Structure formats: structure tokens, C-alpha cells
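Residue numbers (the numbering used here), protein chains in the order written: chain A, 1 to 306; chain B, 1 to 366; chain C, 1 to 296.
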Amino acid sequence: MSPSPARRGRELPAPPARWRQLFGENGIQRWVFYIPVVFFVLFFAAPMTLTVVWSVFERTQFWMEPGFTLFAYDNFFTSARAENYLYSMLHAAASVLISFVIGFPIAVFIRRRVTRAAQHRVILLFILPFMISELVRVFAMRPVLGRNGVVNSVLMDLGILSEPITSILYSPLGVIIGDVMSFLPFMIFAGFLALEAVQNYVFEVCDDLGTGRVRLFTDIVLPLAAPGIFAGSVFIFVNSMGVALVPTLLGGPGAVNAGLIANQAIVALDFPLAMAISTIMIFTLVLLLYIGHRLFDLTKILEPIS
Amino acid sequence: MTESAAIAVEVVELGKNYGAVTALKSVSFSIESGQYYALLGPSGGGKTTLLRLIGGFLRPSAGHVYLHGRDVSHLPPNRRPTSMVFQNYALFPHMTVERNVAYGLKLIKVPPGDIRDRVDRMLSMVGLEGYNRRMPHELSGGQQQRVQLARSLVLERDILLLDEPLASLDAKLRKEMCLELKRIQEKVGITFIHVTHNQEEALTVADRIAIIADGELVEEGTARDVYETPNKRFTAEFIGDNNVLEGTVSHTSDTRVALDLDFAKVEIPARGAALSTGERAAFSIRSELLRITGRGEDMGASWQVVPASYVEDVYLGLTVSHLVRLPDGTEAVARVMSGDGDENRFEPGQEVAVGWPTDRARLHIA
Amino acid sequence: MYDDFASPWNIRLKWAYLLAVVFALLMPVFYTIGISFNQHGFGARIYEFTFDWYRVVLGDTLLVVSLKWTLYLALATIAATIPMALLSAKFYKRTRRKVGFVALMLSPLFVPADIMGSSLLVFFKNLARGFAWLGDALGVSWFDGWFDLGFLTAVIGQVIYTHPYAFIVILITMSRYRVQQTEAARACGATAWQAFWHVEFPQIRVGVFSSCAFVTILSFNEAVRTALLKGGFDTFSNMLVAQMLNIGMSGESYAMAGIMSIVSMLVIGTVIVYTLVRAERLERRARAMAEPVMSS
Chain A
1 MSPSPARRGR ELPAPPARWR QLFGENGIQR WVFYIPVVFF VLFFAAPMTL TVVWSVFERT
61 QFWMEPGFTL FAYDNFFTSA RAENYLYSML HAAASVLISF VIGFPIAVFI RRRVTRAAQH
121 RVILLFILPF MISELVRVFA MRPVLGRNGV VNSVLMDLGI LSEPITSILY SPLGVIIGDV
181 MSFLPFMIFA GFLALEAVQN YVFEVCDDLG TGRVRLFTDI VLPLAAPGIF AGSVFIFVNS
241 MGVALVPTLL GGPGAVNAGL IANQAIVALD FPLAMAISTI MIFTLVLLLY IGHRLFDLTK
301 ILEPIS
Chain B
1 MTESAAIAVE VVELGKNYGA VTALKSVSFS IESGQYYALL GPSGGGKTTL LRLIGGFLRP
61 SAGHVYLHGR DVSHLPPNRR PTSMVFQNYA LFPHMTVERN VAYGLKLIKV PPGDIRDRVD
121 RMLSMVGLEG YNRRMPHELS GGQQQRVQLA RSLVLERDIL LLDEPLASLD AKLRKEMCLE
181 LKRIQEKVGI TFIHVTHNQE EALTVADRIA IIADGELVEE GTARDVYETP NKRFTAEFIG
241 DNNVLEGTVS HTSDTRVALD LDFAKVEIPA RGAALSTGER AAFSIRSELL RITGRGEDMG
301 ASWQVVPASY VEDVYLGLTV SHLVRLPDGT EAVARVMSGD GDENRFEPGQ EVAVGWPTDR
361 ARLHIA
Chain C
1 MYDDFASPWN IRLKWAYLLA VVFALLMPVF YTIGISFNQH GFGARIYEFT FDWYRVVLGD
61 TLLVVSLKWT LYLALATIAA TIPMALLSAK FYKRTRRKVG FVALMLSPLF VPADIMGSSL
121 LVFFKNLARG FAWLGDALGV SWFDGWFDLG FLTAVIGQVI YTHPYAFIVI LITMSRYRVQ
181 QTEAARACGA TAWQAFWHVE FPQIRVGVFS SCAFVTILSF NEAVRTALLK GGFDTFSNML
241 VAQMLNIGMS GESYAMAGIM SIVSMLVIGT VIVYTLVRAE RLERRARAMA EPVMSS
């Protein structure tokens, strides 16, 4: 183990070869990490941005051609579509509110009253339904809420109802129930993640100061969880507006949302109209996120992973 | 050290910045082969950045790193003749001690039999004989650092980098490990570069010390020089327990500089500094050299004496610190060994005199 | 953590509420599965257990072919999404523009299926036309058929959809990994790839595997984007949508819904059981660490 001059530099690396410069850490290896960015700019950001351009193209019989016309927007705003869009916003807002009322207390409960080790297992309970196809879950609401469905038959067997309720399914209420059933877990995840980032001592200090239940909720829990709640709410809101499946399967004959309007436009080969609706939808989303960011600083959500 | 020892590490105008933040300004120095070299400085001063630049974990923004005379500035860590010991969490948690140590040898395809021998030899050198099958989480903090050391040394590279290797150990263990590191370095004889913010650690292990602060190399020298005769005021304030005083130059000669402290005039060895009358200058005296007496008591001709008022004494175990306040408001500390005439002779507020041997004060130009 | 001052009933009531919500979310699915095994289908007064509906579904060649396409699609999506999610997570760790990067990577979560599907559909159609035009202009046939709707476009659509989920799962697993270990491996002489493969990957393997399961399920369940982008073939979920819309609530639809949910539950169930078993093992290890081994 004594130092010998012969050993000096024995394991010195070989001088850089040409292929090493090309494939080494200064070459391709460095650029490999940009693949996801390039992919997402190309196949996500670009299509989303270009919808604005395509929405002002001229409609042809089966396709569209470059031009500038606001015909699609005119078509949207002067027909029942605009009204339907507003209605679907209303229904989406109702879904968000109901999800919050049902789901957020669960997030608080898991964070505050379940031991650290068990918290993630309880969360898993809500991942399970989320993992089953939304298609199946929405579809399943039909036999559950239908005339001969399980809700009606149980209520009638118990003697609470004398006649089955038929007004739930194929109505706005059915759509809202479908949305809540589909997206409720997201409110719980987002709320829980936001609360998980809150250090325990915050709650301990509140206990120490004797903060009341209501004040604890309004002064501590809500502000700290606000970015998470907001992110969860936006998710539920845009999906309630944009997932065509729910009104298709659960709504009545007239039930539509933004997603379904776009879908119908595609089926009718009115591509500029579909793009106009996408543009309006994306604009709504960006506006919401912008407002949310100004209010709550959404970058806080990233703290647990940074 | 022989007068013409080979240079193991040479750093030339090395700089690193992250966007607008400069971590390391232009730093140049060199380290001789086989030395135990410490980079000492406050946290955030750039010493770790410097070490990581030498190891290849960071790309320099400016300047060059030469290892054994070869420019390695743009080579990744695995292609440099260095290996590194980290502060903590650096053992591979999914491998046994044996596999951790053997990892680097496997990469260069050493035959399995040789690997086993070399691993065993290295484990016994760091005092972990028979720990082969343990998992990292079954080891104490000190043992984990020993495994790290074995993992680096087994590669028989020429330069070992240690990034705060003892910072997460408790004080007692740190002292033990310091001596152990020194012993191992003397045994293997390769160059060690050790980053620490702990001066005691640096003084224990190092042949030479470089003080790094604010991204700059403040001062560099043997451990004894840096401790006893620091050139820079920063060094005096950072290492040891020094009293730093400031005054205006009133007179200069070849060997002495006379300083006016407003409340007293003192003479300081000039140490070749070119100062002119009227300039501001600082000097320092180590606290163990300061002596407190009653006013008017004579200390001797080779002593400089200034008036002060007594503040209090603080018992520190091994030593006792006596605090005094000079007329301009600065506080000074005199340190004596406990039980060695440490009985307090003064009352708080009492007028006293403070003195030091003239030739032990050190003038600082910057 | 339990509030000692609250009555135990308070806690029990909250647990009951939580489980009731889980039950409400899952009940419709199990109810549907129940119906799928009933000889007499939905709404019948008598329940007679049978596999007949499943036999009909699995005997239908078209459906079996669609299952095959579903499998191919899922495999291709995993093959593209998981390596990319790993790259994204690594990129996130090293980039200084984290917020912008994460915003780009996660925003597909917020774009509803039909909107994203429509935009990508028009995008690919334009792209295909663009390449065809380029081929004509250059007089080569090489560009013909690029980005025509088909398997590739469907995979791209699914990658955009599943990537955010895989990215989050891998990132969370990676956040527990200490970078020093990669550096230590590099200091031992490993290349960047060796350091990743020998040291980092074994420690994030669980996250990678669960994101594989995650992506499988998402891909398997996805219907809308695929329907718009697939071109010539049908996946199982496409067939189910068609069945539900055209034929309505037939016995076959229930059996198909049953197959979809059972497959999902099997996959996720395996992952959950595995995770729990592993967590148990880690806990035992943590307990062992709490009582440190005395050095001999």
C-alpha cells in the first residue's frame, strides 16, 4: 500500500476518442434528456396552440382550408351551443362544489386523524375506483339509478318509496352525479397532497393556542390547502365540461357539454367549429389557471416533489 | 516534503457561477503529491464547489483543473484519477458493505478473487474486519464513513477528495476519525483533499490548509503558519480565538510599525509590510497570549500594554476566558488554562491593563 | 395523532363516512359485474349465475381481435411512456426552469379527452397532408403515409395522456433517492448510465413498476382519444362504447364492462398487495434500525 512512483497515473483514463465526444456526456447523452420536452412541445403544445389558427380556417365539405373567418365562432355564439356551453359550466361548477363538500373533509380526516404509516393505504382505497375505467363507472350508473335499478329497488323494498324515481337518470342531475362519481377521488388526492406538505407542528401550535375547530379550518387548513384544492377543482371542472361520455350515457336527449359539442362537430366534419370549441375550452382553462395562480401561487403544489 | 515533489493538483483561475450567482471566483493554487490538504472555510464560501470542480462533479465556468499535469477540466468524474468520500447517505443502501467496496473494482473488471482480497485488506485497514455482509443501515455513522473511505481507497487512485466527511458525526467520534484519517493517509501516501468548516478538524489532519471564503482563496499555508501567523485579517478572525484591533499608522521603521489606537500607541512587528503614515491597519493577537494585570503593574519592556476595563469571566472547561472592554468599546478576550492561575482577581468594571508580547502580534494588510 | 378528547364515536363516525364514500364509488361497478353473471341480465327478478355472457363476448372474433389491439397499444404506450417519464424526471431534477417544465408536462391532465383528441386529430391530419405535399414537392414517395391516422397516432395520443401520471409517480419515488449515491458511483468509476442502472434504478424500481401498471390500466381504459386517433382498428373500450351506444344495455355490454373492471382490479390489486407487503418489510427493517446492532 506504500506509494510507488510507478502507480502514479496508472489508472488515468484513456484520452477522449472521437466517438466519446459524440456519445459522451457532452454529446448525445446531454441531449437525450430533452426528448420529453421536444415530444410534448411537438405533440401537445403545438396542437393546442394551433387550434386557434385552425378555428379561423374556412370550412370545406370534408376538411378545411387556410383563410381567416370567424364563421365558426359566429356559429358557436349565435346557436344553442353557447347556451349549452354555459349550462355545462354551471353543471361543472356544481360537480366541483359537491366533490369539495364530500371529498375535502375526507382529505382533512386522513391527514389529521390517520397515523402517518396508514395514510397512504387509506388513499389507496380511493385509487382503486379511479383505476376502473371511467367508461364502466359511468355506464354502471345506468343500472344503479335506472327505473329497475338498485337504488330504486332497495328504497322500495324498504318501503321508503312507493314508486321508482325516474327523474334522476337522463337529466342534468344524472350528469352531475356521473361527474362527481367520476372525479371525486381527485379532490381527495389533491387536498391530501396539499395538506401532506403542511408540517405537523402547524397543527400542534394550533392545539397549543387553543384554536377552535372553525377557525382552524378557515384560518389554517383552507389557506394552506388552497393551491391543492384549486388544482383539484380545475381538474374536475374542465373534465366535467369536456368529457363527452357522461352526458352521452347519462344525460337526457338535450344534454351536452363542451366535449360533446366538439365531438359532434368532428362527426359532422365541421373541423373549424370543433377547433373553435377547443379554443374556447382551452382559453377557459388557461384563464382559470391564471386566476388561480394569481390567487394562490400554484407552484406551491410542487414543493413535495422538488 | 522534498523540495521538488510532484504537483498532484493544479487549479488555474478556476471559477464557477450559477446564472448570476458566483460560487467561486478566479482561484489558483497547487497541491503537492502525497500531501494532506484541507480546504477550510465558512459554509457557503465555495470550498465544496472547488472540491467538486476538482472531482468533476461540476463543470467549471472558467479556468482549468490539472491533475498530474493533465487538463481534466471537461472530463466526467469516472475518467479522473480521483475518488471521493461524501458527507453522508452516499453508501449504496441496497448493497452489502462488501459489494459497496467492491463496486468500483467490478467496474474495471478486476478478477473476483483479487476483488475479495483487496476488499478484505481495505476493510481491515479502516477497522471494519468481518463487516462484509452488513447492510449500510446496520452500521453507525462512523462505520458508514469508514466503508466510504474503504470504497474510495480500494480503487488505488492518486487523489482522494473528502467532502465534509466527518460533519455528521458527533464531536468525540469526529476527533477519533480525524486521527484515523491522518494515520490512513500516512499509510497509503496518496494526496488527500479534505473539505471542512471545522478548524480543529483541519488543524488535526492537514499538512497544509487553504482558507476559502466568499468564493475566493483567502490564504494558504502550513497548518502551523495559518494558525500562528495568519497574513489576512479574515484568517485571524476565522481560525483560533483572536483579538483583532485597528489603528492608524503613526510611524514606520524597517522592523516595527507604530499604530495609534486613539486610546493608546502600540508597536507591531512590520513583517515586511509597506505601510505609510496615516493609513489604517489591523493586527491580531491570539487570546491565549493576552494577559490582564492591574493598572500600573509592569509587564516588562518586550510587552505592549493598553488600558481596559474588566467585564466578566466565562468558564469553558479546559480554559477560562476573561472578557475586557477597551476604551473604544471593542471587546477583547484573554484565555488561560483552567486551574492554572485562573482565579479571578478582578471585579466587573474594574480598571485593568491588557498586554501582549510585542513580537507575537501580527499585522494584517487586508 | 388521535384526538384523545373527542369521543371515540366521533372518529368511528368519520371512518364510517369515509368507507361509505368508498362503497358508493365502487358499488356501481360491483353491481354491474353482478349483473354480468346473471343469466337473465339487468332488471330480472331472479338471479341465475352463468358465464354465458362472457362466453358470448370471448367467442366473438371481432372482440378478441380488439383485445389484441388493446394489448399492442398498451405495450407500445408503456414502451414509450416509461423511458420518457424517467428522462423527464431526471430532466426535472437537473433543470433550473422547473416550473415551466412541470407546467408543460402536467398540463395534459387538465385538457379533457374529447378536446385533446379533436385537436390531435386535426393536427395529425394536417401533418399527414403536410408530409404528402412535401413528398410531392420533392418528388419522393418516402413521406407518404407519415402521420396518417393509425397505430402510431393512437400511441402518441396515449403517451400524451399517460405520461403525466407516470412522471408524477416516478418523480415521487425519485424524491427519496439521494443524489450523492450517483456521485459516489461516478467517483468509483461508473459512467452516467452505469451509475443509473446499478445504483439509482434498483432504488426506484418500485416506482417504475407501479407506473408501468398505472400506464397499462390507463391505456386499457382509454376510449375517447383512441377512438379519434386510431384510424382502422378498434380497441376493446372502443367496442364497448359502440356497443353501449348502438345496442344499449345488453348482456354483452355488462360482460364487457365486467371484463374491463376485473382486469383493472387484478392489475391494481396486484400492485397494492405488492406495495403493502413491501411496506411491511420496510417497516420491519425500520424497526431493526431503531434497535441498532452493537458493533462486535
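Backbone N, C-alpha and C define an ideal beta-carbon position, used for all residues, glycine too. The model shown is predicted, which means the values in this text are computed figures rather than measured ones.
- Of all residues in the stretch 225-252 of chain A, the ones placed with a Cβ closer than 8 Å to any Cβ belonging to chain C are Val234, Phe235, Val238, Asn239, Met241, Gly242, Val243, Ala244, Leu245, Thr248, Leu249, in chain order.
- Under the Cβ distance rule, B/Asn78 counts among the residues neighbouring chain C, one pair being separated by less than 9 Å.
- Under the three-state reduction of DSSP, B/Tyr310 is assigned to strand.
- Contact with chain B is absent for C/Ala279, since none of that chain's Cβ atoms lies less than 9 Å from the residue's Cβ.
- DSSP places B/Ile239 in the coil class of the three-state scheme, outside both helix and strand.
- Under the three-state reduction of DSSP, C/Gly231 is assigned to coil, being neither helix nor strand.
- Taking the CA atoms as reference points, B/His194 sits about 47 Å from A/Ala226.
- Beta-carbon to beta-carbon, B/Leu58 and B/Pro81 are separated by about 17 Å, too far to satisfy the 8 Å threshold.
- Just measuring C-alpha positions, the residue of A/Val175, A/Trp54, A/Val114 sitting nearest C/Val122 is A/Trp54.
- Residues of chain C whose Cβ lies closer than 8 Å to the Cβ of B/Pro327 do not exist, since the nearest Cβ in that chain is about 52 Å away.
- For C/Thr95, none of the residues of chain B pass the 8 Å Cβ criterion, the least Cβ distance being about 12 Å.
- For the stretch 182-195 of chain C, residues whose beta-carbon sits nearer than 9 Å to a beta-carbon of chain B comprise Glu183, Ala184, Ala185, Arg186, Ala187, Cys188, Gly189, Ala190, Thr191, Ala192, Gln194, Ala195.
- For B/Pro269, the enclosing beta strand (DSSP E) covers residues 265-269.
- Only residues of its own chain outside the window of five on either side were considered, and among them Val267, Val271 have a CB closer than 6 Å to the CB of C/Ala213, listed in chain order.
- Residue range 280-286 is occupied by the beta strand (DSSP E) that includes B/Ser284.
- By the CB criterion at 9 Å, A/Leu289 and C/Phe110 fall inside the cutoff.
- Within chain B, the residues placing a beta-carbon under 8 Å from that of C/Arg178 are Tyr89, Ala90, ordered along the chain.
- Taking a Cβ-Cβ threshold of 9 Å, the residues of chain B close to C/Val199 are Phe92, His94, Met95, Tyr103, in chain order.
- The beta-bridge partner set that DSSP reports for B/His251 consists of B/Ala258.
- Residue environment: B/Lys187 is assigned as exposed (fewer than 16 neighbouring CB atoms within 10 Å of its CB, all protein chains considered).
- Chain-order list of chain B residues neighbouring C/Gln203: Pro93, His94, by C-beta distance under 8 Å.
- Neighbours of B/Ser152 across chain C, judged by C-beta separation under 8 Å: Ala187, Cys188.
- 9 Å or more divides the Cβ of B/Leu105 from the Cβ of B/Leu149.
- Within chain A, no residue has its beta carbon less than 9 Å from that of C/Ile82; the closest one is some 12 Å off.
- Between the alpha carbons of A/Ser278 and C/Ile115 lies a distance of about 6 Å.
- If you look at B/Pro42, you'll find it isn't in any beta strand (DSSP E); DSSP assigns it neither H nor E.
- Secondary structure in the stretch 115-182 of chain B: the alpha helix (DSSP H) runs of 4 residues or longer, each lying completely within the stretch, are 141-153 in chain order.
- No Cβ of chain C is located within less than 9 Å of the beta carbon of B/Ser302.
- According to the DSSP assignment, B/Arg335 belongs to no alpha helix (DSSP H) but to the beta strand (DSSP E) extending over 331-337.
- Residue environment: B/Met337 is assigned as exposed (fewer than 16 neighbouring CB atoms within 10 Å of its CB, all protein chains considered).
- Under the 9 Å criterion on CB atoms, B/Met177 is classed as non-interfacial with respect to chain C.
- Here B/His74 carries a coil assignment [DSSP, helix/strand/coil].
- With its beta carbon less than 9 Å from one in chain A, C/Thr32 belongs to the interface.
- Neighbours of C/Lys14 across chain A, judged by C-beta separation under 9 Å: Pro105, Ile106, Phe109, Arg113.
- Nearest to C/Ala79 by C-alpha distance, out of C/Val208, C/Gln181, C/Glu48, is C/Val208.
- Spatial neighbours of A/Gly149 in its own chain (CB-CB distance under 6 Å, excluding positions within 5 residues in sequence) are listed in chain order as Pro143.
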